Amino acid sequence: MAIMDPTTNPITTTAANDTYFAAWVSDEIVDEVRAYNVCRPFFKYAGRQASNVYSWPIQDDPGVGATYTEGTGLANTAITTSVISATALAYGQMFTITDELMEQTLIDAMGHFTAVLGRACAEYMETVMTALLDDFASTSGVAATATTYATLLAAANALEQRDMVGTYVTILDPTAIGNIRTDLGTSAAAFLGGPGSPVPGTQDATLAGYAFHLAGADVYQTSLVTTTGGATFLTDHALGLYEMRPTRVETERVAALPGTEIVATGRAGVIEIVDLAGQTILTN
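In our numbering, each number is its position in the sequence shown, counted from 1, plus 24.
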């Protein structure tokens, strides 16, 4: 009697390759990587008006008062105002989803790609806002040099020297944030590492837009900060945002395709309002 050889003609995945999926696709899609969005809350905000240009009037300094001579009185001092204006520009992005994809995809295609559009428009706004951070006339730090704790102290003190009043914030590139953490962990460790340290938590990576509180300010990070540098500036004062149309998402059928267009658009503009209220921080 012959002995059966189980290795002869077994039913393998190759033999039955029509009975299973080549790959199983999850119905939970992993979102794209985006830069941190941190700037918007710190801009002086204005909503839609009946013009694509929004102006902030500014009182010019007429100088100080002076003594006068009895019987002579005072002469009028010339006084002027100036204006800073932001122009709202149209921006947007669109996708068209075919009916064929809608009919067979495992994900909620409309919901998912609508959310992608929203994040894309938010990144556009973050990009134009961070572009203002290196425009302040006064600077702290040295270009192509690691940012330090002392750099933040110098930026804050520069605002004090210009008699600025209010709450200030610092926004930097993540590389600069890392350099500050390195500085605090090395050259400044002896001073800051003891009990009652004024900078608790500065060594912890947050993996978020908020980095830490240091030198009197909340410090934020985003990779959209320009290579020149970020800034320390007064919130709701130094920089302005005119948003004529917040991001709006609409859909439209394209029967001839067939498919559905998803369109996200907005209109907004940003501007530096008070140059003295900000200090650019040069980084590497």
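All residues carry an ideal CB built from backbone N, CA and C; glycine is no exception. The structure presented is a predicted model; accordingly, all values stated were derived computationally and were not measured.
Taking the beta carbon of residue i as the centre, do at least 16 other beta carbons fall within 10 Å, making it buried, or is it exposed?
i      : result
SER164 : buried
GLY226 : For the sequence presented, residue 226 should be read as Thr rather than Gly. Buried, by the Cβ-count rule.
GLU150 : buried
PHE45  : exposed
ALA288 : buried
THR36  : exposed
ALA40  : exposed
ALA161 : exposed
VAL77  : exposed
TYR92  : exposed
Helix, strand or coil for residue i, going by three-state DSSP, please let me know.
i      : result
GLU94  : coil
GLN185 : helix
ALA280 : coil
THR104 : coil
ALA262 : coil
LEU231 : coil
LEU306 : strand
THR175 : helix
ALA99  : coil
Check the DSSP bridge columns for residue i and list the partner residues they point to.
i      : result
ARG291 : ALA114 and ARG269
GLY240 : DSSP lists no partner for GLY240.
VAL193 : ASP242 and PHE257
THR275 : ILE286
CB of residue i to nearest heavy atom of the ligand MG: below 7 Å?
i      : result
ALA280 : Absent from the structure shown: the ligand MG. Ligands present: none.
In terms of residue numbering, what span does the alpha helix (DSSP H) encompassing residue i cover?
i      : result
ALA255 : Element bounds for ALA255: not the alpha helix (DSSP H) but the beta strand (DSSP E), 253 to 258.
With residue i as the anchor, note down where its beta strand (DSSP E) starts and where it stops.
i      : result
THR199 : That residue, THR199, is in no beta strand (DSSP E); its alpha helix (DSSP H) goes 198 to 209.
ILE297 : Note, ILE297: premise wrong, no beta strand (DSSP E); not H, not E.
VAL77  : 77 to 83
| task | Identify every run of the alpha helix (DSSP H) within the stretch 108 to 172, keeping only runs that are complete inside it and at least 4 residues long; order them along the chain. | result | 123 to 128 and 133 to 154
| task | Just list the beta strand (DSSP E) runs in the stretch 27 to 75, keeping only unbroken ones of 3 residues or longer that don't cross its boundaries, in chain order. | result | Unbroken beta strand (DSSP E) runs of no fewer than 3 residues, entirely contained in the stretch 27 to 75, are found at 68 to 70, following chain order.
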